[in-house]
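Colleague:
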Amino acid sequence: ERFREAIADGLLSNTATTVWQRLRDERGLDVGLTTFRRYVHELRGVDVDRVTVRMPLTAPGEVAEVDYAHLGTWTDPRTGKRSKVYAFVMTLCFSRMHFVDVAFGCDQRSWVASHVAAFEFFGGVPRQIRMDNLKTGVLRADIYDPLLNRAYAELGAHYDTLLDPCRQGQPKDKPRVERAVPYVRDSFWRGRDFSSLSDMKGGALGWCSGVATQRPHRHLPGTVGELFLHEQAALLPLPETPFELARWALATVHPDCHVQSDGRFFSVPWQHVGKQLHIRIGERVVCAYEGTALVKTHLLRPGQRRYTDPADYPPQKVAFLQRTPVWCRRRAAELGPSVVAIVDELLAGPHPLACLRQAQGIVRLADSYAADDIDDACRRALLADGSLRTVRNILARGRRDDDDEGHVSNAGAFLHGRQALLELPR
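Take the sequence shown: its letter number 246 is residue 247 in my numbering, and every next letter is one higher.
Have a look at this one:
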């Protein structure tokens with residue numbers, strides 16, 4: 002007892018072993034380390050933070066716990082490439098029935114897909130799912146108001162199950178699956194060889210429905226497999242319509258009224274330029290949301306990378322987009338045969354889209370000139386270079402004299418003819 006105060010002060014900054022060693026060397030403490038540790042334990046008393054509470058047994062079909070854990074490293078026998086292997090584990094809390102899915106990483110899609118596969122394996126859905134605060138499931142960790150990933154929240158709504166994130170940094174909030182992970186790693190993974198990822202997945206399913214069901218339950222009479230038959234009947238039924246796997250992303254609307262996601266471009270109404278929208282990429286449909294409001298939908302087509310709806314542009318921009326080669330030819334036919342000829346010549350080249358602006362410019366001359374004048378100017382321009390510049394210059398000079406056709410130069414800017422240039426004053 003005469004060392005009590007010194008021991009208490011020493012334990013504030015050092016371990017029990019160090020305090021014992023210093024007191025022995027410096028102050029002549031004459032007790033063994035084991036006795037000293039026993040005294041320190043009595044001195045400290047019970048650490049409240051280390052006291053555990055036994056989790057009560059849950060009712061059948063009520064709760065499942067989910068964890069994502071590193072299994073080990075796998076070497077591809079064909080290429081020799083080494084890859085980290087991870088396991089998604091879902092444990093039904095009543096029966097301790099496990100579902101294990103194997104993957105090379107945890108992204109949003111594989112996280113949701115593993116849940117879907119687990120529900121199919123169990124033949125039903127537990128009413129509550131407890132999980133860690135992984136970004137693939139939870140965007141903001143909060144004990145009272147967690148923000149779920151939208152893809153994950155969509156899964157919960159479809160299967161009518163409560164997604165309940167555990168407290169951050171508190172693995173004991175889901176003790177059943179935490180205890181299951183070392184068991185999965187030891188019983189299923191270690192000492193076994195696999196030829197591929199599909200071989201691992203198949204092996205995991207076989208292990209779940211075989212070896213894992215034969216172990217005795219820790220707290221109830223019977224095996225895990227026998228208790229699972231009782232719990233399976235209490236699970237929520239699977240929905241009639243299958244769940245569509247979708248990926249959610251956050252994208253900014255570019256000045257061209259498009260958002261980019263998965264290497265593809267999708268138009269949205271021009272009023273949203275500069276905003277961040279939530280993009281849902283499904284198997285057949287892409288949807289853009291501002292908050293919870295749907296603002297645009299596109300049907301996906303194989304191989305297509307750009308999806309543009311002209312109605313998404315401002316009205317003054319739509320008119321320009323609709324002036325396609327077909328529109329130019331149709332409008333040229335309304336202005337005259339020479340206009341048709343010059344437009345066809347422009348659009349018949351090896352790069353028609355490069356000349357589309359010129360063709361659009363020629364037919365737009367109808368906004369300022371009569372159709373007959375435009376047709377006559379095009380007839381004359383065809384004798385030269387047939388460019389928009391030449392047609393404009395002819396119209397600007399008002400030249401309608403057929404006798405001067407031969408003096409039209411190939412240089413669209415010089416319409417006086419060669420002789421006129423020679424007669425210029427010096």
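All residues carry an ideal CB built from backbone N, CA and C; glycine is no exception.
Would you report the Cα separation of W21 and L34, rounded to the nearest angstrom?
Modeller: For W21 and L34, the distance between alpha carbons rounds to 7 angstroms.
Colleague: According to DSSP, is C379 helix, strand or coil?
Modeller: Looking at C379 - three-state DSSP - the assignment turns out to be helix.
Colleague: Which word fits F37, buried or exposed, when buried means at least 16 other C-beta atoms lie within 10 angstroms of its C-beta?
Modeller: F37 is buried by the Cβ-count criterion.
Colleague: Measuring straight from C-alpha to C-alpha, what distance separates A9 and R39?
Modeller: Cα to Cα, A9 sits roughly 14 angstroms from R39.
Colleague: Measure the C-alpha to C-alpha separation of D373 and C258 and round it to an integer number of angstroms.
Modeller: About 39 angstroms.
Colleague: Tell me which residues share the same chain as D263 and place their Cβ nearer than 7 angstroms to its Cβ, disregarding the 5 neighbours each side in the sequence.
Modeller: So the qualifying residues of the chain are I282.
Colleague: Taking 8 angstroms as the limit between beta carbons, can you name the residues of its chain near T19, skipping five residues before and five after?
Modeller: Excluding sequence neighbours, T19 sits near G11.
Colleague: L198 and V103 - do their beta-carbons sit closer together than 8 angstroms?
Modeller: Yes, the pair counts as a contact, with Cβ atoms nearer than the cut-off.
Colleague: Three-state secondary structure (DSSP) at L230?
Modeller: Residue state, collapsed to three classes: helix.
Colleague: For P127, which of Q361, I375, F100 and W112 has the nearest alpha-carbon?
Modeller: With distances taken between Cα atoms, P127 lies closest to F100.
Colleague: Could you tell me whether the Cβ atoms of V269 and P256 are closer together than 8 angstroms?
Modeller: It is not a contact, given that the beta carbons lie outside the stated cut-off.
Colleague: Using three-state DSSP, classify E27 as helix, strand or coil.
Modeller: Three-state result, E27: helix.
Colleague: On the criterion of 16 or more Cβ atoms from any shown chain inside 10 Å, does R332 qualify as buried, or is it exposed?
Modeller: Buried, because 16 or more other Cβ atoms sit within 10 Å of the Cβ of R332.
Colleague: Please classify F229 as buried or exposed, where buried requires at least 16 other C-beta atoms within 10 Å of its C-beta.
Modeller: Buried is the call here.
Colleague: Using alpha carbons as the reference points, say which of V364, A294 and A60 lies closest to L278.
Modeller: Here the closest residue by C-alpha is A294.
Colleague: Of the residues E335, P176, A349 and F120, which one's Cα is nearest the Cα of L236?
Modeller: It is F120 whose Cα lies nearest to the Cα of L236.
Colleague: Just to confirm before moving on: does the CB-CB distance between F95 and A70 stay below 8 angstroms?
Modeller: Their beta carbons are not under 8 angstroms apart, which means F95 does not touch A70 by this criterion.
Colleague: Which residue comes first and which comes last in the alpha helix (DSSP H) that contains A118?
Modeller: A118 -> alpha helix (DSSP H) spans Q109 to F123.
Colleague: Grab the span of the beta strand (DSSP E) containing C288 for me, first residue to last.
Modeller: Residues V286 to E291.
Colleague: Looking at C-alpha atoms only, which residue of G157, L206, A247 and P176 is the closest neighbour of Q189?
Modeller: The identity of residue 189 in the sequence shown is Phe, whereas the question assumes Gln. Answer by Cα proximity: L206.
Colleague: Hey, L246 and A114: beta-carbon distance below 8 angstroms or not?
Modeller: Cβ distance < 8 angstroms, so L246 and A114 count as in contact.
Colleague: Extract the residue ranges of the beta strand (DSSP E) inside the stretch 251 to 288, only unbroken runs of 3 or more that lie entirely within it.
Modeller: As far as the stretch 251 to 288 is concerned, its whole beta strand (DSSP E) runs of at least 3 residues are 259 to 262, 265 to 268 and 277 to 282.
Colleague: Between which residues of its own chain and I375 is the CB-CB distance below 8 angstroms, once the five residues before and five after are set aside?
Modeller: Excluding residues within five positions, the ones whose Cβ falls inside 8 angstroms are L336, G337, V340, I363, L366, A367, V392 and L396.
Colleague: Taking the alpha carbon of P238 as the point to measure from, which residue in K85, D377, V117 and C379 has its own alpha carbon closest?
Modeller: P238 has its Cα closest to that of V117, out of K85, D377, V117 and C379.
Colleague: Closest by CA to H218, which one among G211, G226 and V212?
Modeller: Out of G211, G226 and V212, G226 has the C-alpha closest to the C-alpha of H218.
Colleague: Please report how far the alpha carbon of S388 lies from the alpha carbon of A289, in whole angstroms.
Modeller: Answer to the nearest angstrom: the Cα atoms are 43 angstroms apart.
Colleague: To the nearest angstrom, how far is it from the Cα of D68 to the Cα of C167?
Modeller: Cα to Cα, the separation comes out at about 11 angstroms.
Colleague: Can you grab the Cα-Cα spacing for the pair D165 / I130, in whole Å?
Modeller: Using only the alpha carbons, I get a separation of about 6 angstroms.
Colleague: Spatial neighbours of R186 within its chain, please: C-beta separation below 8 angstroms, excluding the five flanking residues on both sides.
Modeller: Hits under 8 angstroms: A70, L72, G73 and A88.
Colleague: Is A70 helix, strand or coil by DSSP?
Modeller: Of the three classes helix, strand and coil, the one that applies to A70 here is strand, per DSSP.
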